[in-house]
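Note sheet for the following structure.
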Amino acid sequence: MTNTFTTLLETKDALLADGATGTNLFNMGLQSGDAPELWNVDEPKKITALYQGSVDAGSDLFLTNTFGGTAARLKLHDAHRRVRELNVAGAELGRNVADRSERKIAVAGSVGPTGEIMQPVGELSHALAVEMFHEQAEALKEGGVDVLWLETISAPEEYRAAAEAFKLADMPWCGTMSFDTAGRTMMGVTSADMAQLVEEFDPAPLAFGANCGTGASDILRTVLGFAAQGTTRPIISKGNAGIPKYVDGHIHYDGTPTLMGEYAAMARDCGAKIIGGCCGTMPDHLRAMREALDTRPRGEQPTLERIVEVLGPFTSDSDGTGEDTAPDRRSRRGRRRG
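When we follow the UniProt record's numbering, the leftmost residue of the sequence shown carries the number 1, and every step to the right adds one.
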């Protein structure tokens, strides 16, 4: 199987992914609590501008505005019967942007968590999760994405359900989890656990890694955890633009473009192949990341001390890979990519 995404993986030293969806759309007028996926139909020019902003900033790939595109998430907005419509629209807008570019751009179909807790901890069955992920995957495939992109997952059970659905859709895929609780996902998965998990699948993800979570320092510690397992599979690092702070009634991420440029170069040196941003990451951040990846030579794998020196302190003492105690499993409705 060869498409734009696999070609880019094979021919480029490192790929620059995109930045935030929510942060950029809020700046365009999206209101808190609204479903961004509805804008694929209601505000197509703004979604096209979102995608184009990443391309213009130098991204090699961008994710579609379909993070909450499963029936479970759309049901919160009485749009659960519009799964195909909204996902196809989001993918087609992305395909149009990519096809107009003078360079190769990959379109990744974003698939976020259902927001439900899987059995046996919660009530969502494996079969129903597979059905919902499959419905979304088929729509993204119809819309023309190059690859499916599972993101911000906490539970291995949900990751497995999505992987089964992607196989049913006969689509290549990548998948990330969010490590935000002392180096673990909310459901207790460590970087070592995930590196082992992805080898269960046939087909396996083309790349795997982490997104969102806490700050840039923390996600690089997680990337080092993946690399320490000796994986030969490309690693994804899509970290937030610094730490969120509440300023004048709004959430503001304190990561500057300069800091995100440092993060991008260090992520590559930690072992990441696909490097992007998540919450708070704007086109200005992406431009600095592009410049860093293009102009800085590869360096030695950084130590934890060096990461702290350059990017700031970790948010927890533990990195989730030692004999520390796992956090309690608790209910979590999957957060949207900020």
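Idealized CB from N, CA, C, for every residue including glycine.
Using alpha carbons as the reference points, say which of the options lies closest to residue i.
i	options	result
L61	I105, A35, Y159	I105
E142	D284, A17, G276, A91	A91
T256	K238, H285, G230, M266	H285
residue 340	G115, I219, A267, R306	Outside the displayed span of the chain (1 to 338) sits residue 340, for which this structure offers no information.
G276	I307, P44, S54, T303	S54
E151	P113, H126, R160, G19	P113
C174	E164, A182, T181, D180	E164
G239	G230, A272, L8, M132	A272
P44	S217, N87, P120, M187	N87
G58	T23, A17, M132	A17
K46	H80, L311, L168, G94	G94
R296	A264, D56, A137	A264
F201	I307, A162, C270	A162
R103	K12, F314, M260, C270	K12
V189	Q119, P156, E131, D317	P156
A71	A139, F26, C279, R100	A139
G144	E131, L168, A108, G122	A108
W149	R160, T185, S110	S110
G33	V41, T281, G22	G22
R84	G69, V130, L259	G69
A267	N27, R160, A210, F5	A210
L197	H77, G242, R160	R160
G312	P120, A241, S191	A241
F166	S318, S154, V147, R184	V147
G261	G19, E135, A192, R100	G19
R82	D56, T48, V41	V41
L259	A98, E309, G299, A137	E309
G230	T214, A192, C212	A192
T176	M194, M187, M186, D170	M194
Determine which residues share a DSSP beta bridge with residue i and list them.
i	result
I47	Answer by DSSP bridge pairing: none, since I47 is not bridged.
T176	G209
G109	L148
I307	Beta-bridge pairing links I307 to no other residue.
T181	R184
M118	L124
L15	I274
With residue i as the anchor, note down where its beta strand (DSSP E) starts and where it stops.
i	result
V145	Counting along the chain, V145 falls outside any beta strand (DSSP E), and DSSP gives it neither H nor E.
G239	235-239
L63	61-63
So the alpha helix (DSSP H) residue i belongs to, where does it begin and stop?
i	result
F5	4-11
G94	83-100
G261	257-270
F201	F201 -> no alpha helix (DSSP H), and no H or E assigned at all.
T222	216-227
T295	283-295
A71	71-74
V23	Rather than Val, the amino acid found at residue 23 in this sequence is Thr. 22-27 is the extent of the alpha helix (DSSP H) around T23.
V41	39-42
A162	156-168
Quiz item: Okay, do the segment 31-41 and the segment 62-75 touch, 3+ Cβ pairs below 8 Å being the bar?
Solution: yes
Quiz item: Are at least three pairs of beta-carbons, each pair with one atom in the segment 230-237 and one in the segment 201-208, less than 8 Å apart?
Solution: Verdict: yes, contact present.
Quiz item: Using 8 Å as the threshold, is the segment 178-186 in touch with the segment 115-130, meaning 3 or more CB pairs across them?
Solution: Taking 8 Å as the limit for Cβ pairs, the verdict is that the segment 115-130 does not touch the segment 178-186.
Practice problem: Count the C-beta pairs between the segment 212-228 and the segment 290-298 that are closer than 8 Å, then say yes if the count reaches three, no if not. | Solution: The segment 212-228 and the segment 290-298 do not touch, with fewer than 3 CB-CB distances between them shorter than 8 Å.
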